[in-house]
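Protein chains in written order, with the working numbering: chain D, 27 to 375; chain C, 27 to 375.
Where is the CB? At the ideal position from N, CA and C, for every residue including glycine.
Values in this document were obtained by computation on a predicted structure and should not be read as measured data.
Have a look at the structure below before the remarks.
Structure below.
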């Protein structure tokens, strides 16, 4: 021991993202704020529509804080939606019973009509949400900001809704890669600006959700998933050195390793299908990993959940690791199962 | 040269499935019979509903033959549906605008009510379709039979329709693996019986479609995808040695290699996301591979299709290889793009 005062311990999630192996791996859950919580449903009823809800800092901050208050996760994730960016660019957005609905962007003229200069003003309420959360969160809890990755956001912008076959967006990308590149470039710049705003407002780490990364062949994956992600991570690293970017290329399968090696992300979030042994041997040797319990297990609960969570902790806890799901919490999840998982996760390895 | 008469050359597709590298890789397309063809739509209009259509040997044989007549693929694939098996087991099946609808099987009692002894009688029309096709197909064209793999068929039986999150079926498998095993066992036996009927009637190879293999974590994948497939391949190998079984574990990603090594399939069909280099280095060294053009490219056509098909032929044509798509032909596909692909594929490497 020397006489220097020890630095105050960083927050557990930030330590894990910095490459530390913790006695107790930190945890949070994708979509941890949401419909499975009765207090969320009551809150949601106070806003007219979903976009208003996301852009109301009082309500969005409360939604962000609810799960942390109840379960004590190591991180809160900003309550918002990946489609706030297309809306801020000028695309009309609504939410129906079947999910999001947008007036599709189908060609270069539609892209030219979008305006990146709306981001700062239109998404300012998100920054206010972040400031409110930071003022309230416990000292040990990390606040994570997020955005959709350009490819995934583009799928919704071009398809106009969720899709099964991604016919319109892939077809455009195959037929007219230069034209489609303009949309991806616009989204890349908008995402950098948006995440920079979030970090400036107090987000301590950010996650890039590339939910539809898995539908692309390798060459297209390299161009539309990896390259824009690399531009985003490089721009953020320059402006905010040390702020971690977690990448989640859901469904990337055999391309997970290439993504981890080339995208510049600080940590990689694993979907349910990524084998734990592969994650340990091929990914965790390179960067911290996060994941990947099946959200269905959190609905099922009981022994199956307990066994899977314990195995996961044992297998990945020897390296830098964040416990999470492989996809978002399902609305059918009984909150008591999340509480049971929380109890299990606070036991040291 | 000795005096022995040369054996007649086997059909190209069977030669590739037997491990031969052909100067011109054989080709066919998943869902090559279907709505993208005007002659199919006219034929379909002759049957009241889709199940009747599949079980009408005159119509189903004609649907099977149509694409081969037009484009000269190296194989015809039986026109049928993977959900004929649950129907033959006694589950109510219909087709709505959104896809299949079944009265869900939700517990062991529902499984006990299903009857495997209906397979032989209720699916006999499929055998008649096969006999009709064999009588008509050109001598060099292979007839492929098929079935859904137990896991994938179970997803529809338990969910009652297509699904996004597979909540019911996974939840059952996690909560009560022994009970769910009874459903998988029943389907495994039914699939063996059904494919044996198809082979006896004249199918020269069969394909197992495991369209939802990709939604399972590794341990569940091993139990519900690999193990039943291995039972099916072993049973068929015993009764019909030399009849190839092509496995298609769509979305298996990082588990493709384990599937290829352990399931006992003779060849593996690759989805769109499987990198060609991985297929060449890690799969084709072990068994013949089939795939994996993006079906969207076949809608797009033009240079993008031509370039992708040429690259694929160059990369995988050096080993046993069958050109196919990574998923089924989309209804929006212009038939002239299939014709263009056919022209490109008849050019030798």
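Check: Which residues in the same chain as residue 105 of chain D place their Cβ atom closer than 8 Å to its Cβ, once the five residues preceding and following it in sequence are excluded?; Outcome: 59, 80, 86, 87, 89, 90, 155
Check: Please decide whether residue 118 of chain D counts as near chain C, where near means a Cβ-Cβ distance under 8 Å.; Outcome: no
Check: Can you confirm whether the stretch 213-223 of chain D touches the stretch 244-262 of chain D when touching is taken to mean that 3 or more C-beta pairs between the two stretches lie within less than 8 Å?; Outcome: yes
Check: Using a Cβ-Cβ distance cut-off of 8 Å, determine whether residue 105 of chain C contacts chain D.; Outcome: no
Check: Quick check on residue 48 of chain C: does DSSP put it in helix, strand or coil?; Outcome: coil
Check: Would a C-beta distance cut-off of 8 Å place residue 359 of chain D and residue 66 of chain D closer than the cut-off?; Outcome: no
Check: Quick one: what's got a C-beta closer than 8 Å to residue 82 of chain D's C-beta in the same chain, skipping five residues either side?; Outcome: 73, 151
Check: Check whether the stretch 160-174 of chain C and the stretch 184-194 of chain C are in contact - that is, three or more C-beta pairs closer than 8 Å.; Outcome: no
Check: Leaving out the 5 sequence neighbours to the left and right, which residues in its chain are closer than 6 Å to residue 52 of chain D when beta-carbon positions are compared?; Outcome: 38, 39, 42, 100, 348
Check: Which residue comes first and which comes last in the alpha helix (DSSP H) that contains residue 152 of chain C?; Outcome: 150-162
Check: For residue 54 of chain D, which of helix, strand or coil comes out of DSSP?; Outcome: coil
Check: Under 7 Å Cβ-Cβ, which residues of chain C neighbour residue 326 of chain D?; Outcome: 197, 200, 201
Check: With 16 as the cutoff for other CB atoms within 10 Å, does residue 373 of chain D come out buried or exposed?; Outcome: exposed
Check: I'd like to know whether the C-beta of residue 217 of chain D is nearer than 8 Å to at least one C-beta of chain C.; Outcome: no
Check: So residue 254 of chain C packs on residue 176 of chain C, CB below 8 Å; how close in whole Å?; Outcome: 4 Å
Check: Tell me, to the nearest whole angstrom, how far the beta carbon of residue 315 of chain C is from that of residue 57 of chain C; I am working on the premise that it is less than 8 Å.; Outcome: Not confirmed; about 19 Å, so no contact.
Check: Report the three-state DSSP secondary structure of residue 231 of chain D (helix, strand or coil).; Outcome: strand
Check: Keeping to the same chain, check which residues put their C-beta closer than 7 Å to that of residue 69 of chain C; ignore five residues upstream and five downstream.; Outcome: 85, 88, 89
Check: Can you list the residues of chain D that residue 323 of chain C reaches, using a CB-CB cut of under 7 Å?; Outcome: 200
Check: Distance, Cα to Cα, residue 10 of chain D vs residue 256 of chain C?; Outcome: Residue 10 of chain D is absent from the structure shown; chain D starts at 27 and stops at 375.
Check: Quick one: grab the DSSP three-state call for residue 29 of chain C.; Outcome: Low local confidence applies: a pLDDT of 44 at residue 29 of chain C is under 50, so the model's placement there is unreliable, with the coordinate-based value given in what follows. DSSP places residue 29 of chain C in coil when its eight states are reduced to three.
Check: Does any CB atom of chain C fall closer than 8 Å to the CB of residue 348 of chain D?; Outcome: no
Check: Residue 293 of chain C and residue 313 of chain C look like a contact to me (Cβ under 8 Å); what is the Cβ gap, rounded to whole Å?; Outcome: 5 Å
Check: Taking the straight line between their C-alpha atoms, what separation do you get for residue 189 of chain D and residue 241 of chain D?; Outcome: 11 Å
Check: In chain D, which residues lie less than 8 Å from residue 287 of chain C when you measure between Cβ atoms?; Outcome: In chain order: nothing, as chain D lies at least about 14 Å away.
Check: Which residues, taken in chain order from the stretch 237-248 of chain C, show a beta carbon closer than 9 Å to some beta carbon of chain D?; Outcome: 240, 241, 242, 243, 244, 245, 246, 247
Check: Should residue 358 of chain C be flagged as near chain A, meaning a C-beta pair shorter than 8 Å?; Outcome: Reference to chain A is not applicable here, since the protein chains of this structure are D and C.
Check: Expressed to the nearest angstrom, what Euclidean distance is found between the alpha-carbon atoms of residue 357 of chain D and residue 168 of chain D?; Outcome: 24 Å
Check: Can you give me the C-alpha to C-alpha distance between residue 365 of chain C and residue 153 of chain D, rounded to a whole angstrom?; Outcome: 54 Å
Check: For residue 379 of chain D, list the residues DSSP reports as bridge partners.; Outcome: This structure does not reach residue 379 of chain D, given that chain D is present from 27 up to 375, and the question cannot be answered.
Check: Alpha carbon to alpha carbon, how far is residue 267 of chain C from residue 297 of chain D? Give it in angstroms, no decimals.; Outcome: 39 Å
Check: Give me the Cβ distance between residue 170 of chain D and residue 108 of chain D, rounded to the nearest whole Å; I'm assuming they're in contact under 8 Å.; Outcome: Rounded, the Cβ-Cβ distance is 14 Å, inconsistent with contact.
Check: Using 8 Å as the limit for Cβ to Cβ distance, is residue 280 of chain D near chain C?; Outcome: yes
Check: Taking residue 192 of chain D and residue 198 of chain D to be in contact with their CB atoms under 8 Å, please state how far apart those CB atoms are, rounded to whole angstroms.; Outcome: Contact doesn't hold; Cβ gap of about 10 Å is too wide.
Check: Given a threshold of 16 other Cβ atoms within 10 Å of its Cβ, counted over all protein chains shown, does residue 158 of chain D qualify as buried or as exposed?; Outcome: buried
Check: Can you confirm whether the stretch 132-144 of chain C touches the stretch 109-117 of chain C when touching is taken to mean that 3 or more C-beta pairs between the two stretches lie within less than 8 Å?; Outcome: yes
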